[in-house]
Amino acid sequence: MVPVANDAEIFAADFKEQPFWWDAAPRPVLPQSPLPAKVDVAVVGSGHTGLVAALTLARAGRRVAVFDAGDAGQGASSRNAGYVGRSLKHGFGELMERHGLDRAVAVYRDMRTAFDWVFTLVEQEQIACKLVHCGRFVGALSPRQHESMAREYALRERHLGESFEMLSRAGQGREFGSDYYCGGAIIPDHGSFHPGLYHLGLFERALSAGVEIHARTPVTGIRRESDGFTVHSNRGAVAARDVLVAANGYIDKTMPWLRRRLVPFHGYMVATEPLAREQIDRILPRSRTVIEFHHNIFFLRRAPDGERLLFGGYTGGPVPNLRAMATRLHAALLRIIPDLAGVRLSHAWTGKCAGTFDLYPHIGVHEGIHFALGYCFAGVPMGSWMGLKAALKIMASKDAGTSFDALPFRTLPLYTGNPWFVPLVMRYFDWQDRRDL
Numbered sequence: 468m469v470p471v472a473n474d475a476e477i478f479a480a481d482f483k484e485q486p487f488w489w490d491a492a493p494r495p496v497l498p499q500s501p502l503p504a505k506v507d508v509a510v511v512g513s514g515h516t517g518l519v520a521a522l523t524l525a526r527a528g529r530r531v532a533v534f535d536a537g538d539a540g541q542g543a544s545s546r547n548a549g550y551v552g553r554s555l556k557h558g559f560g561e562l563m564e565r566h567g568l569d570r571a572v573a574v575y576r577d578m579r580t581a582f583d584w585v586f587t588l589v590e591q592e593q594i595a596c597k598l599v600h601c602g603r604f605v606g607a608l609s610p611r612q613h614e615s616m617a618r619e620y621a622l623r624e625r626h627l628g629e630s631f632e633m634l635s636r637a638g639q640g641r642e643f644g645s646d647y648y649c650g651g652a653i654i655p656d657h658g659s660f661h662p663g664l665y666h667l668g669l670f671e672r673a674l675s676a677g678v679e680i681h682a683r684t685p686v687t688g689i690r691r692e693s694d695g696f697t698v699h700s701n702r703g704a705v706a707a708r709d710v711l712v713a714a715n716g717y718i719d720k721t722m723p724w725l726r727r728r729l730v731p732f733h734g735y736m737v738a739t740e741p742l743a744r745e746q747i748d749r750i751l752p753r754s755r756t757v758i759e760f761h762h763n764i765f766f767l768r769r770a771p772d773g774e775r776l777l778f779g780g781y782t783g784g785p786v787p788n789l790r791a792m793a794t795r796l797h798a799a800l801l802r803i804i805p806d807l808a809g810v811r812l813s814h815a816w817t818g819k820c821a822g823t824f825d826l827y828p829h830i831g832v833h834e835g836i837h838f839a840l841g842y843c844f845a846g847v848p849m850g851s852w853m854g855l856k857a858a859l860k861i862m863a864s865k866d867a868g869t870s871f872d873a874l875p876f877r878t879l880p881l882y883t884g885n886p887w888f889v890p891l892v893m894r895y896f897d898w899q900d901r902r903d904l
């Protein structure tokens, strides 16, 4: 058992309850400018999806206005772990069993396209966001999990050409400086980046392309008109020929149809104080990102500056005390890596993501309003790529199609958008994880 430490032992003197990413990429504070009377496209949400869509549309000659209830990108786009992967909540083998090989291949090829799009976009736009193919270590918590993981990745290699390597518990030391896991898998081409810098890069490119970004301007309603829509906000109304809703976990009661189909949840992360480079090198000798082959996961990575570790877990509902959650994460970190005894935390933060009842991302049109959201833990690649695809759909491009287009967007009876059941779902995931062990 790891002893419970007091606050002085856990928290650094300069501890902040805000994302580590904001140190290098503070949220841009825009002066409020007058709202336009009319635009071609109004975008609700200034995260990855909204900005990629806005940039694509503006470069194609559309006048675009982006609305955000807070400062630009202050939601999950600048709070996430900065993992760039190509997995969905539905495994490839599961999709094969339920829907056949062709469907599984189509879905995972789109996931691969979304993954590649992030690297293409960063290169095209010359965004300095520390994006690298660092690879990922996926840890198994039991021999049974190890076997299941090997079967899943073997199917992906056979049908998708995605390489991997399985490591035994004895061999995992070259990748991870703890014997907590029963071995695992190496996915050599998975990536990582600095999400705050990525968002700032998209933000700057969008402004340069002529996108009008109206921060601290929450949308209060969208009304269908004969020739488009009227977007109402706390600062006035704007006429728009098309509307894209891309607010994901921050959808509110002004959009009840979408709200009933999304399950917002909170992710939690902490950053350690700066550590000796030798210590970090012992823990992550090849700078892989680390994640568990689990439902309710912990995840670990090296910060882009190489000076500290970033750790997350306990995904679920909101908590009243972020320091208390940071204390729980600190204890979990020491269980996984006992050699970190004595390390203190410099940052703790949370952000809202969104899942869906079928655990798929969704893109489409409802009553004329376009939407792209519900990324189910694949927000960086899917959010960026679906921003592109949503823009292409608005422009009626022949390249707009995805394998997610025909999915029914289901809800549950009586659900209105209050995810009161998220803690129960996480307990169910915990039960599944214990069963799988």
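To convert, note that position 143 of the sequence shown is 610 in this note's numbering; the numbers rise steadily by one, no gaps.
Where is the CB? At the ideal position from N, CA and C, for every residue including glycine.
Counting only the same chain and skipping the five closest in sequence on each side, list residues whose C-beta sits under 6 Å from that of residue i.
| i | result |
| --- | --- |
| Gly606 | Tyr648, Gly651 and Glu759 |
| Trp715 | As written in the sequence, residue 715 is Asn, which differs from the Trp given in the question. Closer than 6 Å at the Cβ level, and outside the excluded window around Asn715, lie Ala821 and Leu840. |
| Leu414 | Outside the displayed range of the chain (468 to 904) lies residue 414, so it cannot be described from this structure. |
According to the neighbour-count rule (16 or more other Cβ atoms, all chains shown, within 10 Å of its Cβ), is residue i buried or exposed?
| i | result |
| --- | --- |
| Arg755 | buried |
| Ser513 | buried |
| Val508 | buried |
| Leu881 | exposed |
| Phe888 | exposed |
| Gly668 | buried |
| Thr869 | buried |
| Lys860 | buried |
| Val471 | Its pLDDT being 49, under 50, Val471 is placed unreliably in this model, and the coordinates cannot settle the point. |
| His761 | buried |
| His515 | buried |
So, for residue i: in the same chain, excluding its five sequence neighbours on each side, which residues have a beta-carbon less than 8 Å away from its beta-carbon?
| i | result |
| --- | --- |
| Gly703 | Leu502 |
| His829 | Arg728, Thr823, Phe838, Ala839, Leu840, Gly841, Phe871, Leu874 and Phe876 |
| Ala504 | Val705 and Ala706 |
From residue i to residue j, what does the alpha carbon distance come to, in whole angstroms?
| i | j | result |
| --- | --- | --- |
| Phe604 | Leu777 | 15 Å |
| Glu614 | Gly558 | 14 Å |
| Ala430 | Ala858 | Within the shown structure, residues of the chain are numbered from 468 to 904, placing residue 430 beyond reach of any answer. |
| Asn763 | Val892 | 10 Å |
| Gly517 | Ala637 | 45 Å |
| Val510 | Ala676 | 15 Å |
| Gln602 | Ile653 | It should be pointed out that residue 602 corresponds to Gly in this sequence rather than to Gln. For Gly602 and Ile653, the distance between alpha carbons rounds to 7 Å. |
| Leu855 | Glu679 | 18 Å |
| Leu725 | Tyr827 | 14 Å |
| Leu812 | Ser554 | 30 Å |
| Val506 | Pro662 | 29 Å |
| Leu751 | Thr878 | 41 Å |
| Ser700 | Gly688 | 7 Å |
| Glu484 | Ile594 | 27 Å |
| Arg768 | Ala707 | 42 Å |
| Met853 | Gly809 | 43 Å |
| Thr883 | Pro731 | 12 Å |
| Val469 | Ala798 | With a pLDDT of 42 at Val469, under the threshold of 50, the modelled position of that residue is not reliable, and no figure is offered here. |
| Pro723 | Tyr717 | 12 Å |
| Trp488 | Leu664 | 8 Å |
Using alpha carbons as the reference points, say which of the options lies closest to residue i.
| i | options | result |
| --- | --- | --- |
| Gly537 | Pro723, Pro685, Trp852 and Arg618 | Pro685 |
| Lys597 | Glu834, Ala492, Leu711 and Ala845 | Ala492 |
| Ser851 | Lys483, Val698, Tyr550 and Trp489 | Tyr550 |
| Glu834 | Leu767, Gly784, Gln485 and Leu711 | Leu711 |
| Leu588 | Ala799, Val531 and Leu522 | Leu522 |
| Ala539 | Cys843, Ile718, His681 and Gly884 | His681 |
| Pro886 | Phe696, Asp719, Arg526 and Asp577 | Asp719 |
| Asp481 | Arg494, His814 and Val757 | His814 |
| Arg753 | Leu674, Gln639, Val698 and Gln591 | Gln639 |
| Lys556 | Ala548, Asn547 and Tyr575 | Tyr575 |
| Ala527 | Met862, Phe586 and Leu634 | Met862 |
| Leu608 | Phe487, Phe765, Asp772 and Asp709 | Phe765 |
| Arg894 | Asp825, Val847 and Gly784 | Gly784 |
| Pro771 | His515, Ala548 and Trp816 | Ala548 |
| Ser500 | Trp489, Arg529 and Val533 | Val533 |
| Gly773 | Leu742, Val757, Arg795 and Val786 | Leu742 |
| Val757 | Glu561, Pro610, Gly552 and Thr721 | Gly552 |
Under 7 Å Cβ to Cβ from residue i, same chain only, skipping five residues before and after it: list those, please.
| i | result |
| --- | --- |
| Phe631 | Tyr620, Glu624, Ala652, Ile653 and Ile654 |
| Leu807 | Leu800 and Leu801 |
Are any of the Cβ atoms in chain B nearer than 8 Å to that of residue i?
| i | result |
| --- | --- |
| Val599 | Note that chain B does not occur in the displayed structure, where there is just one protein chain. |
- Please confirm if the stretch 627-646 is in contact with the stretch 677-695, defined as three or more CB-CB distances below 8 Å between the two stretches. no
- Query: Touch check for the stretch 652-665 and the stretch 582-597: three-plus C-beta pairs under 8 Å?
  - Reply: yes
- Per the contact definition of three or more C-beta pairs closer than 8 Å, is the stretch 534-548 in contact with the stretch 800-820? yes
- Task: Determine, using beta-carbon pairs with one atom in the stretch 476-490 and one in the stretch 784-798, whether at least three such pairs fall under 8 Å.
- Result: yes
- Message: Check whether the stretch 735-745 and the stretch 770-786 touch, using three or more Cβ-Cβ pairs below 8 Å as the test.
- Response: yes
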